[in-house]
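Remember, my numbering sits 809 above the position in the sequence shown when you count from 1.
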Amino acid sequence: MTRPRALLLDAMGTLIGLRRPVGELYAEAAADHGLTLEAAALDRAFLQAYRSAPPLAFPGTAAAHLEQAERHWWQQRIATTFAGVGVPQLPMGLAADLFDRFADPEPWGVYPEVPTALDRWRQRGLRLVVVSNFDRRLHRLLQRLGLRNALEGVVVSSEVGAAKPDPAPLTRALELLELPAAQVWHIGDSDADEAAAAAAGIPCLRLARPGGVLLPAPVLSEPDSADAPPAPGPTGSS
Ligand SMILES: [Mg+2]
810 MTRPRALLLD AMGTLIGLRR PVGELYAEAA ADHGLTLEAA ALDRAFLQAY
860 RSAPPLAFPG TAAAHLEQAE RHWWQQRIAT TFAGVGVPQL PMGLAADLFD
910 RFADPEPWGV YPEVPTALDR WRQRGLRLVV VSNFDRRLHR LLQRLGLRNA
960 LEGVVVSSEV GAAKPDPAPL TRALELLELP AAQVWHIGDS DADEAAAAAA
1010 GIPCLRLARP GGVLLPAPVL SEPDSADAPP APGPTGSS
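So this is what it looks like as structure tokens:
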């Protein structure tokens, strides 16, 4: 592999993550709406609902209607999650409340080694674009988490109309950068990242981030020489 000119970075599980299990956050919101539910059960139900979800993408939807489509997509995931713990009917306003809570930076955190890694990559001339299977809340989230200034662009599946493993979000980033696939690498933490990169003809570096909740272990390390590639992974150089 040749040294890349740009890195396409996944967001969730790669740069940022939740500070606490999603089930705890859902249980807290539910409690505010009069429901007492077990966080661990909600966590399992969310995972199942999320894994069986259609892509977070709305081909053919006009930009003016995207937020409505995003809220509806999440409303369905939230309804499925609560149905999975024996709540067939969501309390009025709970889904909207959860959507808004996760638009706030408070539940999110930046993996501790990420700011340094982004700085060093930029110092070495690498251009950085985030490519995420998420919705338009990510733009403001990355800004409020202090990462946006390091990035040349942010591509979200909701706006592209396709989600990884479809290569379209990655090819949108290539268009933005005006670079061919051979000159970029993708860094992500999921099967979808690997499959999308393979379909786009882009080398993929896969991170191991067990659990999906912010962990202190640094696994995204920087290149140790000007010629070395970025070396993520637990055995990477430090
Ligand atoms: Mg991810």
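Here a beta-carbon is modelled for each residue, glycine too, at the ideal position from N, C-alpha and C.
Check your understanding: Distance, Cα to Cα, Leu927 vs Arg936?
Key -> Residue numbering aside, residue 927 sits at position 118 when the sequence shown is read from its first letter. Residue numbering aside, residue 936 sits at position 127 when the sequence shown is read from its first letter. Whole-angstrom Cα-Cα distance: 10 angstroms.
Point to revise | Proximity test, Ser999 beta-carbon vs ligand 1 heavy atom, cut-off 8 angstroms | key: Along the sequence shown, one-based indexing puts residue 999 at 190. Yes.
Check your understanding: Any idea if Tyr859 is buried or exposed, counting beta-carbon neighbours within 10 angstroms, 16 or more meaning buried?
Key -> Stepping through the sequence shown from its first residue, residue 859 is reached at position 50. Its Cβ having fewer than 16 others within 10 Å, Tyr859 is exposed.
Exercise for review: Give a yes or no on whether the C-beta atoms belonging to Pro900 and Gly843 are separated by under 9 angstroms.
Suggested key: Taking the sequence shown and counting its residues from 1, one reaches residue 900 at position 91. Taking the sequence shown and counting its residues from 1, one reaches residue 843 at position 34. Yes, the Cβ-Cβ distance between Pro900 and Gly843 is below 9 angstroms.
Review point. Closer than 8 angstroms: is that where the CB of Asp975 sits relative to any heavy atom of ligand 1?
Key: Residue 975 sits at position 166 when you count from the first residue of the sequence shown. Incorrect: Asp975 has no Cβ contact closer than 8 angstroms to ligand 1.
Review point. Secondary structure at Gly962, three-state DSSP: helix, strand or coil?
Key: Stepping through the sequence shown from its first residue, residue 962 is reached at position 153. Strand.
**Study point:** CB-CB length for Pro978 against Val964, believed under 8 angstroms
**Key:** Here residue 978 refers to the residue found at position 169 of the sequence shown. Here residue 964 refers to the residue found at position 155 of the sequence shown. Right, their Cβ atoms sit about 5 angstroms apart.
Exercise for review: Specify the secondary structure class of Gly832 as computed by DSSP and reduced to three states.
Suggested key: Sequence index remark: in the sequence shown, residue 832 carries index 23 (1-based). Correct three-state label for Gly832: helix.
Review point. Under a three-way DSSP split, which group does Gly934 fall into?
Key: Looking up residue 934 in the sequence shown gives position 125. Coil at Gly934, not helix or strand.
Practice item. List the whole-angstrom C-beta distance separating Ala1009 from Pro976, where the pair is believed to meet the contact cut-off of C-beta under 8 angstroms. Key: For the purposes of this step, residue 1009 is identified with residue 200 of the sequence shown, where counting begins at 1. For the purposes of this step, residue 976 is identified with residue 167 of the sequence shown, where counting begins at 1. Going by Cβ atoms, the distance from Ala1009 to Pro976 rounds to 4 angstroms, so yes, they are a contact pair.
Point to revise | Span separating the alpha-carbon of Val938 from that of Leu875 | key: Translated into positions along the sequence shown, residue 938 becomes position 129. Translated into positions along the sequence shown, residue 875 becomes position 66. In a straight line, the C-alpha of Val938 is about 22 angstroms away from that of Leu875.
Check your understanding: Less than 9 angstroms separating the beta-carbons of Ala905 and Gln885?
Key -> As a position in the sequence shown, residue 905 is number 96, starting the count at 1. As a position in the sequence shown, residue 885 is number 76, starting the count at 1. In this structure, the beta-carbon distance from Ala905 to Gln885 does not fall below 9 angstroms.
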